[in-house]
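Presented below is the structure to which this report refers.
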Amino acid sequence: TMPVLEQCYNLMDFEHVARRVMKKTAWAYYSSGADDEITMRENHTAFHKIWFRPRILVDVENIDTSTTMLGTKTDMPFYVTATALGKLGNPEGEVLLTRGAKKHNVIQMIPTLASCSFDEIMDAAEDGQVQWLQLYVNKDREVTKRIVQHAEKRGCKGLFITVDAPQLGRREKDMRTKFQDVGSNVQSTGGSDVDRSQGAARAISSFIDPSLSWKDIPWFQSITKMPIILKGVQRVEDVIKAVEAGVQGVVLSNHGGRQLDTAPSGVEILAQVMPALRERGMQDKIEVFIDGGIRRASDIVKALCLGATGVGIGRPFLYAMSAYGLPGVDRAMQLLKDEMEMNMRLIGAAKVSELNPTLVDARSLHLH
Ligand code: FNR
Numbered sequence: 111t112m113p114v115l116e117q118c119y120n121l122m123d124f125e126h127v128a129r130r131v132m133k134k135t136a137w138a139y140y141s142s143g144a145d146d147e148i149t150m151r152e153n154h155t156a157f158h159k160i161w162f163r164p165r166i167l168v169d170v171e172n173i174d175t176s177t178t179m180l181g182t183k184t185d186m187p188f189y190v191t192a193t194a195l196g197k198l199g200n201p202e203g204e205v206l207l208t209r210g211a212k213k214h215n216v217i218q219m220i221p222t223l224a225s226c227s228f229d230e231i232m233d234a235a236e237d238g239q240v241q242w243l244q245l246y247v248n249k250d251r252e253v254t255k256r257i258v259q260h261a262e263k264r265g266c267k268g269l270f271i272t273v274d275a276p277q278l279g280r281r282e283k284d285m286r287t288k289f290q291d292v293g294s295n296v297q298s299t300g301g302s303d304v305d306r307s308q309g310a311a312r313a314i315s316s317f318i319d320p321s322l323s324w325k326d327i328p329w330f331q332s333i334t335k336m337p338i339i340l341k342g343v344q345r346v347e348d349v350i351k352a353v354e355a356g357v358q359g360v361v362l363s364n365h366g367g368r369q370l371d372t373a374p375s376g377v378e379i380l381a382q383v384m385p386a387l388r389e390r391g392m393q394d395k396i397e398v399f400i401d402g403g404i405r406r407a408s409d410i411v412k413a414l415c416l417g418a419t420g421v422g423i424g425r426p427f428l429y430a431m432s433a434y435g436l437p438g439v440d441r442a443m444q445l446l447k448d449e450m451e452m453n454m455r456l457i458g459a460a461k462v463s464e465l466n467p468t469l470v471d472a473r474s475l476h477l478h
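In the UniProt record's numbering, the protein residues as written are 111 to 478.
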């Protein structure tokens, strides 16, 4: 028998249910990582190398989990990151994530390859709800320009350019199941039909421009006033380049372990990046986000202690949505909120601004 929603006590529980109820192709697409999935596993286990150093006898009666990301006040220091093909998990698709995010005053990043159209998702957002756009850059820059400027006009508050996917990783679980129902805003590069024999990911991604480079950043800055954030940065040197290029943020991410296998986890890079930024007096010049493997609020707290502005969470919300629809998304967010309050209370921090590096022992990470 399947657990009822009230029997899901943490984010991992949704994954176990989703695995049993989802269609095989959908499960394969959501759950797969690249190659041997070493990076995907490491994303979560990296957090186990970080230990807390809690403070005692601090007044933690009232806990405030709210924070500001890219100029937006939000109730929680996590956002729903961009994940393609929401309708594989639930016929209603990404709008369920929008509604869940609204209820908890959480920011949602809209994927280029959502199953729902961009406008459907924006329409599902209620007044004042903040959305960001994740962008795969099309070889046809006019298409890209149209998407970006339309998003800005509709009120998107951030442009997250995915930079870790000049070619889609090999997700073999996904490739083994023949993909049939695309149901997304497939962008063509003019001509060739979608090839469905290579799994969902490859079927929908052929338009992505592998020639994208640092030289293109000024062009993006010229076509939009939205803050620009590079999603998928994986080394200290590139964070420094990002500061020098004048972008507003980076997401230290390996795409949920779906791209380069044995790339490091976001939190591992974070522990190297923040000291390097401080050394150069650059720590206030850029907002640093991470994603990948965040399953507990303790993971979020650790990332914030190490200097992250916020964290993205992907698969858990997809699984919650696939298993239980909107009530699942709602409960997943509520569980995180409850865990967050408890963790902050027990670590001795009443506000997000009180989270700092002295509250964690990260010596087991690779600090260089
Ligand atoms: C993704 N991710 C992703 N990223 C992106 O920039 N564009 C995209 O279209 C997608 N699509 C996508 C689909 C699915 C099914 C997954 C699981 C992931 C990567 C995503 O934004 C994020 O980096 C990871 O999902 C974070 O890891 P967790 O939270 O899933 O472990």
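Using N, Cα and C, we set each Cβ at its ideal position, and we do this for glycine too.
Predicted, not measured: the structure shown is a model, and the values here were computed from it.
Relative to the ligand FNR, is the shortest distance from any of its heavy atoms to the C-beta of residue i smaller than 6 Å?
i	result
L245	no
H365	yes
P221	yes
G196	no
G402	yes
A192	yes
Y140	yes
T272	yes
What are the residues that DSSP puts in a beta bridge with residue i?
i	result
Y189	I217, G422
N248	I318
F162	V470
G359	I339, E397
K461	D174
Which residue comes first and which comes last in the beta strand (DSSP E) that contains residue i?
i	result
Q244	241-245
I271	269-272
F399	397-401
M285	Careful: M285 lies outside any beta strand (DSSP E), inside the alpha helix (DSSP H) at 282-286.
K197	Unbroken run through K197: none, as it is neither H nor E.
Grab the span of the alpha helix (DSSP H) containing residue i for me, first residue to last.
i	result
K412	407-415
T155	148-155
T135	134-141
K351	346-354
Quick test of your reading: residue i and residue j, contact by CB under 8 Å. State the CB separation rounded to the nearest angstrom.
i	j	result
V360	L414	Actually they do not touch by this definition, with Cβ atoms about 16 Å apart.
T184	N215	6 Å
I231	A224	6 Å
Where residue i and residue j are concerned, what is the direct C-alpha to C-alpha distance, given to the nearest angstrom?
i	j	result
V470	K159	10 Å
S302	A313	Residue placement at S302 is poorly supported in this model, since its pLDDT is 46, which falls under 50; the coordinates still yield a value, given next. When rounded, the distance between both Cα atoms is 11 Å.
M112	G438	14 Å
V273	D371	16 Å
V197	T178	First, the residue type needs correcting, since residue 197 is Lys and not Val in the sequence shown. Cα-Cα distance, rounded: 30 Å.
R406	I423	10 Å
I396	E464	19 Å
E125	A234	26 Å
Is residue i a contact residue of the ligand GDP, with contact defined as CB to any heavy atom under 6 Å?
i	result
R425	In the structure on display, the ligand GDP does not appear, and the ligands it does have are the ligand FNR.
Any Cβ of chain C within less than 7 Å of the Cβ of residue i?
i	result
I318	Absence of chain C from the displayed structure is noted, only one protein chain being present.
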